Structures are given as C-alpha cells and as structure tokens.
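Chains as they are written, first to last, in my numbering: chain A, 6 to 306; chain B, 419 to 695.
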Amino acid sequence: MKPYLSIEQLTQRFPDGSGGQLTVFENATFGVEKGEFVVILGHSGCGKSTIMNILAGLADPTSGSVIMDGQEVKGPSLDRGVVFQNYSLLPWLTTLKNVTFGVRARHPDWTRAQIDEHATKFLAMVGLEGDVIHRKPSQLSGGMRQRVSIARAFANHPKLLLLDEPFGALDALTRGTIQDELLKIWGQMEQTVFMITHDIDEAILLADRILLMTNGPHARVAESVEITIPRPRNRTEIVEHPNYYAIRNHLVQFLGKRSKELAGQLATPGQPNAPETVRIDTTQTNDDPADTRPALKAVNS
Amino acid sequence: MYQLSLNLRAALLSVIMLVVGLLIWEAAIPAQQAAGELTEYELLTGGGAPKAGVPPPSQVIAKAWEQLSDPFYDAGPNDKGIGIQIGYSIYRVLTGYFLAALIAIPFGFLIGMSQVAYKAFNPFIQVLRPISPLAWMPLALFIIGDSEASAIFVIFICSIWPMLINTAFGVAAVREDWINVARTHELGPFRTAFSVILPAAAPTIVTGMRISIGIAWLVIVAAEMLVGGTGIGYYVWNEWNNLDLTSVVFSILMIGVVGMLLDAMFGLLQRRVTYAE
Ligand SMILES: Nc1ncnc2c1ncn2[C@@H]1O[C@H](COP(=O)(O)OP(=O)(O)OP(=O)(O)O)[C@@H](O)[C@H]1O
Ligand SMILES: [Mg+2]
Numbered sequence: 006m007k008p009y010l011s012i013e014q015l016t017q018r019f020p021d022g023s024g025g026q027l028t029v030f031e032n033a034t035f036g037v038e039k040g041e042f043v044v045i046l047g048h049s050g051c052g053k054s055t056i057m058n059i060l061a062g063l064a065d066p067t068s069g070s071v072i073m074d075g076q077e078v079k080g081p082s083l084d085r086g087v088v089f090q091n092y093s094l095l096p097w098l099t100t101l102k103n104v105t106f107g108v109r110a111r112h113p114d115w116t117r118a119q120i121d122e123h124a125t126k127f128l129a130m131v132g133l134e135g136d137v138i139h140r141k142p143s144q145l146s147g148g149m150r151q152r153v154s155i156a157r158a159f160a161n162h163p164k165l166l167l168l169d170e171p172f173g174a175l176d177a178l179t180r181g182t183i184q185d186e187l188l189k190i191w192g193q194m195e196q197t198v199f200m201i202t203h204d205i206d207e208a209i210l211l212a213d214r215i216l217l218m219t220n221g222p223h224a225r226v227a228e229s230v231e232i233t234i235p236r237p238r239n240r241t242e243i244v245e246h247p248n249y250y251a252i253r254n255h256l257v258q259f260l261g262k263r264s265k266e267l268a269g270q271l272a273t274p275g276q277p278n279a280p281e282t283v284r285i286d287t288t289q290t291n292d293d294p295a296d297t298r299p300a301l302k303a304v305n306s
Numbered sequence: 419m420y421q422l423s424l425n426l427r428a429a430l431l432s433v434i435m436l437v438v439g440l441l442i443w444e445a446a447i448p449a450q451q452a453a454g455e456l457t458e459y460e461l462l463t464g465g466g467a468p469k470a471g472v473p474p475p476s477q478v479i480a481k482a483w484e485q486l487s488d489p490f491y492d493a494g495p496n497d498k499g500i501g502i503q504i505g506y507s508i509y510r511v512l513t514g515y516f517l518a519a520l521i522a523i524p525f526g527f528l529i530g531m532s533q534v535a536y537k538a539f540n541p542f543i544q545v546l547r548p549i550s551p552l553a554w555m556p557l558a559l560f561i562i563g564d565s566e567a568s569a570i571f572v573i574f575i576c577s578i579w580p581m582l583i584n585t586a587f588g589v590a591a592v593r594e595d596w597i598n599v600a601r602t603h604e605l606g607p608f609r610t611a612f613s614v615i616l617p618a619a620a621p622t623i624v625t626g627m628r629i630s631i632g633i634a635w636l637v638i639v640a641a642e643m644l645v646g647g648t649g650i651g652y653y654v655w656n657e658w659n660n661l662d663l664t665s666v667v668f669s670i671l672m673i674g675v676v677g678m679l680l681d682a683m684f685g686l687l688q689r690r691v692t693y694a695e
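Below, the structure is given as structure tokens:
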C-alpha cells in the first residue's frame, strides 16, 4: 500500500553556472501518511525548499514523481496550501485583502461578506485584529507578515499544508501561540502537514516524524525519526518526558556531525534513496540494557 | 524663532524668485526699446506700425487677462481664442495618445509574458523608437492625406514606444513569488493577469504613460506648426508671423501650464498605483 503522499525517486539538478550540473538530491524516496505531521530538518542549502516547491507543484523535478492520494502531482493546486519562506504577500493589497484573495479563489460562490468574515476569523486566530488588517504588508513587521501568510494558507483548509520555515521571523511568544494554533487546526481538520524548520525543539513539539537531511550537494533524506512522545504535547511538559532528551540528542548529533559525515555519498544508480527509520523509545526498552541505544543501533545497521 | 514648514518656506522662495525674475525682465525691456526707438530710418519706414520686440511682463499679463477673460471666441480661421486653440491640441494629443495606449498596453502585456516575444520584438522597437516623430510626417501626409489625421498619427507614433516598452518590462519583471501565489490558488490566466500581474506592473506601466503624455505634448506643438490650421502650435507660429511677440510669449506660457497639468494628472494616477514592498 502506497502512503498518502509518496515521493518516488526524486532527483533535482540545476545548472551550476559554469557549464556543469549541480545535483541537489538524487532518487529521494519517502512517504507521508494521511493526517501525519512531518517536519524536515537540514542545513541551509541542502534542498528543503526545492523539495517543497516540487511537492507544491510549482517546480518540476529533473526526474522522479510525487503521488498524492493516488494521483500524480502535476502543477499547483488549491489542495496543497503553501506558506512560502519569504511570505509572498501581494504588497498592493491590504492584510485583509491578501487573505480574502485566497478565500475567494477557494470559494468562488461565497458572498463578499462571507469571505471577509472567514478571512477576519483566521487573521484573528494568528493575532491580527482591528486596524492592523487594513494596513499594507509594507507597514507590518516581519513577524506580522509571516502571520498573514500563515492565515492565508490556513483559511483555505488545504488537504496538504506545506510550510517553509513558517515561524522563522516570529518572537518566541508569538511563535508559541501560533504553534499551538497550528496543532489545533491540524487536529481538527485531518490535514497532512509537511513543514521545514531549523528549530529542533519546534520540530519535536510538532512532528510525528522528523526527516533528517544530509548536507548538499547530493543531499539525502538519511533518517526518519519517530517522535515517541504522546499527544497532546505541551511545550513545558514534553521536556520532562523520558524520550525527549534522547531524541533531541540524536537530532543535535545528526545536524552537528553526521549530516556532514554522510554528505556527498553518491546514490546507487537507479536505487531509491530511502531514509532509515529510527525509533527512540526509552520507555519500552528499559528492561533490555543492550537495547537502550536503539538510535545508534539503527544507524549502524 | 517660529519655524515655518518646509513646504511653506519653499513656496515663499518660489514667489520671491518669480517676483524678482519678473522685475528684472520688466526692467530690462525699456532699455532695449529706447536703444532703437528714434532712428531716422525707422521713422522713414513707418514708426507707427507695430514692431517686433520682446514684451515686458506687464504686457504679457495684460494679454493673458484679455485672452483668458474670453478664451473661446471665434472670429474666423486666423483669429480664435486661446481656449479653442488649446482645445484642438488637447483633442489631437488625447486621440493619438489613447489609440497608442489601446495598442501599446495589451501588446506590451503579451510581449512581457513571453520571453521569446520579448526578444523577437526588441530589435524592431529599438530601431523604431529613436526616430523623431516628425520624421514620419511626410510619409503620414502622403499615405493618410488628411493633415488632421496625420497630426494624430504623429502623436500616436511618438507616444506608443514608452508605453510599450514600460508595459513589457513591467510585466516581465513581476516577481516569480507573486505569480506562484496565483498558481497555488489555481487562478486562470485572465485572473492572474488582472489580479496579480496588472497591479504588480502598474507602477511601471503608468510611468510609461506619463513619459508618453509628456512627449506627445512636446510633439504636438511642432506638428501643428507644420500642418497649420488650428491648435496651439499653429497659434504660436501664426502670432510670430504677425510679429505679435506678446501673444507668442503668452502662448509659450500656456503650453507650459497645460503640459504641467497633463503631467500632474498622471502623477496622481501614479501615486495611486504605487506600492511599497
Ligand atoms: N533555480 C535554481 N537554480 C540553480 N540552483 C538552485 C536553484 N534553486 C535552488 N538552487 C540550489 O539548490 C540548493 C538547495 O536550495 P534550497 O533553496 O532548496 O535550500 P534550502 O534547504 O531550502 O535552504 P534554506 O534552509 O537556506 O532555505 C542550493 O544550493 C541552491 O543554490
Ligand atoms: Mg529554503
């Protein structure tokens, strides 16, 4: 049985500017289940945004395919909502109009009042209310712009939500609030979320599974780390969970050291380059001392 | 001391410069007149006849008062009010200009959307653009025949290039990110063109329109001097033939004022469509 979203042998090459080719990633193969929350972690430039653009249907891969719900992804769709890394708001529209722009596209049959009400609701949800929503993006702070962009995507209830570092420009407090909102919406809507982040703690808080990418070029999705912390999760309580630091250490180790060591390993031609599943669960392996470091075991196998 | 606002200080300075300039002008004129006034030769050749001389501002102001208090009188082909003459010129400019806009903007849009078209049309535009619009006049008169239509054609041909080039450039330079927003919202080509590309490129397009109207107003004066009959350009030339320099100076000022008003209209439009990123 294929996963809901199936990424099959995806390869992306760009001209490197001096006649040659730059292989960003090769034969990347992984899946995302329906309703799953997947976060991808990796160093800058490894190809995360490139993968996301392909998932959104905005860019075509050099080879390989993306299949969602049994259908090949060809071109963008309202079913795949995107929060772009650089917000991509339309600067000539007010905050509210930027959101109604999306709502109108999704519900062409709605009246103006319905559209405005729906958009206002989602703006309020990300903490933008009152006069602010009639201002142009240029009159907003970076964090506020990012929230408008988030509201625009959420308001459309896409089946798959693609988030490219959606909280990067937010202060810790707002970030927390919006993370909670995201979890709430995700819980209600049965949405599937694919999110890029640089923040390890954010990834652990939100994700069912974290995909780890090695450094580019020839980056690989090397590991798929299950987050074995039960939901609902709370940012102050998860740190006390016995698995928290084990997982966190594993991620830090990967990003700090192994992402470099594993970099540049060329793929076997024609073979899918699938990540290794890593399950770190100290609560279930306590009675077996040989098994207390399942992470390392998985890596070495 | 009480600090006046920047605008007020600038306005005050403008008024002072105007007054000083007019005073210098006024003071300079009688000296010039006195020099040539009483030569015997002039008395012999008829000193009573009106004679060309640069008028002092007081005369120009009197002329302006006279003309502007009845701008639309019509006493035959060679004696029409300044309002009528300007009206003819504006009519020609706007007709040629809007015909040009009607073609340049949609066409520029299409060129801007396709890199191939952009590159393919560029050499033609680059060759045609620097041609002085008046150089087209003989050809226009020969092919079109009618002098009125030829003047409009000259306006058309001179105002088309800035609008065409700016529209194409503005459309081609629309940020990929904004197009992607339209794409992820499944907007069709028409909705994308009107709700994303047009507003994004509008500042560049309107700048082109503003440049065009300025050029059109410059060119109409010269075109009307050539084709004659009516219009502010013809009026200037006619008054020169009558050696009525007061009217010449007055109409020069009017050309400036109308040009400024046309530009201000597009300035207003420009401010409306400009956005900060
Ligand atoms: N259109 C393009 N042409 C050429 N090279 C490109 C293009 N787009 C991306 N790249 C290259 O592909 C690589 C991956 O870029 P990408 O934007 O996916 O990185 P990223 O993982 O999202 O980084 P960051 O975390 O900084 O956003 C980079 O080396 C980049 O230079
Ligand atoms: Mg990126």
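Even glycine gets a Cβ: it sits at the ideal position worked out from N, Cα and C. Keep in mind that this is a model prediction, so the values were computed, not measured.
{"Check": "Can you tell me which of the three DSSP states residue 557 of chain B falls into?", "Outcome": "helix"}
{"Check": "Return yes when the C-beta of residue 169 of chain A is under 8 Å from any heavy atom of ligand 2, and no when it is not.", "Outcome": "yes"}
{"Check": "Who are the near neighbours of residue 677 of chain B in its chain, counting only those whose CB is closer than 6 Å to its CB and skipping five residues on each side?", "Outcome": "635"}
{"Check": "Mind checking whether the beta-carbon of residue 151 of chain A lies closer than 8 Å to any heavy atom of ligand 1?", "Outcome": "no"}
{"Check": "Determine the contact status of residue 38 of chain A and residue 9 of chain A, defining contact as a CB-CB distance below 9 Å.", "Outcome": "yes"}
{"Check": "Quick one: grab the DSSP three-state call for residue 94 of chain A.", "Outcome": "coil"}
{"Check": "In chain order, what are the residue ranges of uninterrupted alpha helix (DSSP H) at least 4 long that sit wholly in the segment 48–87 of chain A?", "Outcome": "53–61"}
{"Check": "Excluding the five sequence neighbours on either side, which residues of its own chain have a C-beta within less than 8 Å of the C-beta of residue 178 of chain A, listed in chain order?", "Outcome": "none"}
{"Check": "Whole angstroms is fine: what's the gap from residue 692 of chain B's alpha carbon to residue 502 of chain B's?", "Outcome": "35 Å"}
{"Check": "Where does residue 171 of chain A land, buried or exposed, given buried means 16+ other C-beta within 10 angstroms?", "Outcome": "buried"}
{"Check": "Using the three-state DSSP reduction, which class does residue 278 of chain A fall into: helix, strand or coil?", "Outcome": "strand"}
{"Check": "Going along chain B, which residues have a C-beta under 9 Å from residue 143 of chain A?", "Outcome": "693, 694 and 695"}
{"Check": "Strictly under 9 Å for the Cβ-Cβ distance: is residue 436 of chain B near chain A by that measure?", "Outcome": "no"}
{"Check": "Could you tell me whether the Cβ atoms of residue 253 of chain A and residue 201 of chain A are closer together than 9 Å?", "Outcome": "no"}
{"Check": "Nearest to residue 181 of chain A by alpha carbon, out of A:20, A:211 and A:158?", "Outcome": "A:211"}
{"Check": "What does a CB cutoff of less than 6 Å around residue 22 of chain A pick up in its chain, not counting 5 residues either side in sequence?", "Outcome": "none"}
{"Check": "With respect to 8 Å, is the separation between the Cβ of residue 264 of chain A and the closest non-hydrogen atom of ligand 2 below this value?", "Outcome": "no"}
{"Check": "For residue 278 of chain A, which residues of its own chain have a beta-carbon under 7 Å away from its beta-carbon, when the five flanking residues on both sides are left out?", "Outcome": "31, 32, 33, 34, 225 and 272"}
{"Check": "Residue 489 of chain B to residue 482 of chain B, Cα distance in whole Å?", "Outcome": "10 Å"}
{"Check": "Under 5 Å from any heavy atom of ligand 1, by CB: list those residues in chain order, please.", "Outcome": "A:19, A:29, A:49, A:50, A:51, A:52, A:53, A:54 and A:55"}
{"Check": "Taking only beta-carbon positions, decide if residue 689 of chain B is within less than 9 Å of chain A.", "Outcome": "no"}
{"Check": "Helix, strand or coil for residue 552 of chain B per DSSP?", "Outcome": "helix"}
{"Check": "Would you decide whether residue 683 of chain B is buried or exposed? Buried here means 16 or more other CB atoms lie within 10 Å of its CB.", "Outcome": "exposed"}
{"Check": "Taking 8 Å as the cut-off, does the CB of residue 3 of chain A come closer than this to any heavy atom belonging to ligand 2?", "Outcome": "Given that chain A is displayed from residue 6 to residue 306, the structure contains no residue 3 of chain A and the question cannot be resolved."}
{"Check": "Spatial neighbours of residue 498 of chain B within its chain, please: C-beta separation below 6 Å, excluding the five flanking residues on both sides.", "Outcome": "492"}
{"Check": "For the segment 509–596 of chain B, which segments carrying the alpha helix (DSSP H) assignment without a break, of at least 4 residues, lie completely within its bounds, in sequence order?", "Outcome": "533–546, 555–562 and 565–590"}
{"Check": "Could you check the C-alpha separation between residue 190 of chain A and residue 40 of chain A for me, to the nearest Å?", "Outcome": "11 Å"}
{"Check": "Could you tell me the distance, in whole angstroms, from the CA atom of residue 92 of chain A to the CA atom of residue 205 of chain A?", "Outcome": "22 Å"}
{"Check": "Does the beta carbon of residue 604 of chain B come closer than 9 Å to any beta carbon on chain A?", "Outcome": "yes"}
{"Check": "Against chain B, with Cβ distances strictly below 9 Å, would residue 81 of chain A count as a contact?", "Outcome": "yes"}
{"Check": "Strictly by DSSP, which residues pair up with residue 632 of chain B?", "Outcome": "DSSP lists no partner for residue 632 of chain B."}
{"Check": "From residue 641 of chain B to residue 97 of chain A, what does the alpha carbon distance come to, in whole angstroms?", "Outcome": "40 Å"}
{"Check": "Please state if the CB of residue 507 of chain B and the CB of residue 670 of chain B are separated by a distance shorter than 9 Å.", "Outcome": "no"}
{"Check": "Does the segment 613–624 of chain B come within contact of the segment 588–596 of chain B, defined as at least 3 CB pairs closer than 8 Å?", "Outcome": "yes"}
{"Check": "Do residue 530 of chain B and residue 586 of chain B have their C-beta atoms closer together than 9 Å?", "Outcome": "yes"}
{"Check": "Please confirm whether residue 268 of chain A has its beta-carbon closer than 9 Å to some beta-carbon of chain B.", "Outcome": "no"}
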